[in-house]
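In the numbering used here, the protein residues as written are 568 to 1060.
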């Protein structure tokens, strides 16, 4: 697989994205960028959201994770399905009833101005890091394809961010609903194609594959060690809460659902999505098992990295290494297409959602005289922020799947605490204290996690979002008894 062929394939793929952008931009206005004029077909949105949920993390990081943790990620995905049902039957009706463009406007209606700004701020931080890390993984793969060293990584990142800007800046979410469908298709086709190639090379039946997987420790689904970060209870509950937060309280994913014509269609969208994305994620776990079985049978040494002075398998490099070096041209072409789809889907909708949230929540764009200029400048600004995050984490040796969901546990937990209090209680918060409680939450959660791990060898794992949300709720309820802003002002008078 030559760098030139990779470049041609990605160039053709981007050409198709531009054609889609051209047609979707016709008769578009500023409302199209933010809401898609609420005319999207629910089935199309649901299918496209699979690609956005998968991204480069599922495509590369999850298959590589199977070598160490087997199918333990399925525990997390099972929890996700329950979380998606909460979104379908609780959050979607609320968002449609209030006719929200930015979902964080709910917090202003429920608690006040400070709560609203705090919720939006934590989304901006969470989504910027999440999307940046997803794109970093795709960029690292492209770096291998084009045979570039680390000094050229930032050029590659700049080029891709410019390309994404070109096809999203005009029609925004209206374009992304369509491009997501293309990206989902190529991500799934790439996985199926590589699995088919491995099957043909191994010449083994499904039963034999599973038997080898059980023998090698890859075909393990549930972890019963309560101290482990992958313990079933932790993974399942974390899966529920992270799905609620990273989709239901996330402007990126909800913005797509809110382009549906009405609440019923939006609910059908998220309901179908909850099952279809779980099937897709399991497909990538199976791909991971196939990769390691192929390497074991053929005595292939997989790429390694140094972690705390020890050489371990570089899990994020397993799929690209085997595909490009051992699976032939067809699998390599499909891998490049899948990587291109992952690279674009990692960032395009995130940039649109970040732009929407900042424009509505902080700039009040609906009241401005020059909304187009503000929207464009904001879009460019978040592209630059994304670039800085990519470069800042470019030398990280961590598994990207764990890094993304680990960070999400800290950054989304204040949001989750706020929304849970708003939806399930009638309590009124001391609005001005919400930013203080929310900023303190991830710090306390991190210190608690470090303390338990050091003194009791107890790894909270992805359940950080649970402890963080609980800490957030406790702080918000304690701060409720502090003097309100109006009381403080009166005391000064």
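Just so it is clear, CB atoms sit at the ideal spot from N, CA and C, and this is done for glycine as well. Keep in mind the model is a prediction, meaning the values are calculated, not measured.
With a 10 Å radius around the Cβ and a threshold of 16 neighbouring Cβ atoms, residue 767 comes out exposed.
Residue 640 counts as buried, since no fewer than 16 other beta carbons sit within 10 angstroms of its beta carbon. Distance between residue 917 and residue 630, taken at the CA atoms: about 24 angstroms. Put simply, of 847, 782, 989, 791 the residue whose alpha carbon is nearest the alpha carbon of residue 634 is 782. Taking residue 914 as the centre and dropping the five residues before and after it, the same chain places the C-beta of 698, 702, 731 closer than 6 angstroms to its C-beta, in chain order. By the 16-neighbour rule on beta-carbons within 10 angstroms, residue 614 is buried. Of the residues 683, 656, 978, 726, the one whose Cα lies closest to the Cα of residue 578 is 726. With respect to residue 932, residue 941 sits close: the two C-beta atoms are nearer than 9 angstroms.
Leaving aside the five residues that flank residue 789 on each side, the residues in its chain whose CB is nearer than 7 angstroms to its CB run, in chain order, 642, 799.
An exposed status is given to residue 955, since fewer than 16 other beta-carbon atoms sit within 10 Å of its beta-carbon. Within the same chain, Cβ atoms closer than 8 angstroms to the Cβ of residue 949 are found at 695, 918, 921, 922, 925, the five residues on either side in sequence being excluded. Its Cα nearest to that of residue 590, the residue 746 stands out among 658, 746, 669, 704. Taking one beta carbon from each stretch, the stretch 982-1001 and the stretch 754-773 have fewer than 3 pairs nearer than 8 angstroms; the two do not touch. In this structure, residue 616 lies near residue 820, with their beta-carbon atoms less than 9 angstroms apart. For the options 607, 797, 668, 813, the alpha carbon positioned closest to that of residue 650 is the one of 813. DSSP assignment within the stretch 865-901 yields the following whole beta strand (DSSP E) runs of 3 residues or more, N-terminal first: 871-874, 877-880.
Each of 708, 704, 644 was checked against the Cα of residue 903, and the nearest Cα belongs to 708. A direct Cα-to-Cα measurement between residue 770 and residue 899 gives close to 20 angstroms.
A straight line joining the alpha-carbon of residue 828 with that of residue 665 spans about 15 angstroms. In this structure, residue 885 keeps its C-beta atom at 9 angstroms or more from the C-beta atom of residue 911. Taking every protein chain shown into account, the CB of residue 659 has 16 or more other CB atoms within 10 angstroms, so this residue is buried. Taken through DSSP and simplified to helix, strand or coil, residue 961 comes out as coil. Spanning the alpha carbons of residue 1022 and residue 1013 requires a straight line of approximately 14 angstroms. Of the candidates 1047, 657, 818, the residue whose Cα lies closest to the Cα of residue 834 is 657. By alpha-carbon distance to residue 891, the top candidate from 845, 870, 815 is 870. Residue nearest to residue 861 within the set 1031, 777, 1050 is 777 (criterion: CA-CA distance). Linking residue 700 to residue 621 through their CA atoms gives a straight-line distance of about 13 angstroms. Residues 764 of the same chain have their beta carbon placed closer than 7 angstroms to that of residue 895, with the five preceding and five following residues left out of the count. Note on residue 773: under 16 other CB atoms within 10 angstroms of its CB, so exposed under the neighbour-count rule.
For residue 607, the three-state secondary structure derived from DSSP is strand. Pairing residue 1039 with residue 1017, the inter-Cα distance amounts to about 18 angstroms.
Where residue 1010 is concerned, the enclosing alpha helix (DSSP H) starts and stops at 1001-1023. With respect to residue 712, residue 573 sits close: the two C-beta atoms are nearer than 9 angstroms. Using a Cβ-Cβ distance cut-off of 8 angstroms, the stretch 801-813 and the stretch 578-587 are not in contact, since fewer than three pairs of beta carbons, one from each stretch, lie closer than that value.
Separation of the CB atoms of residue 973 and residue 1009 is rounded to 11 angstroms, and the pair is thereby denied contact status at 8 angstroms.
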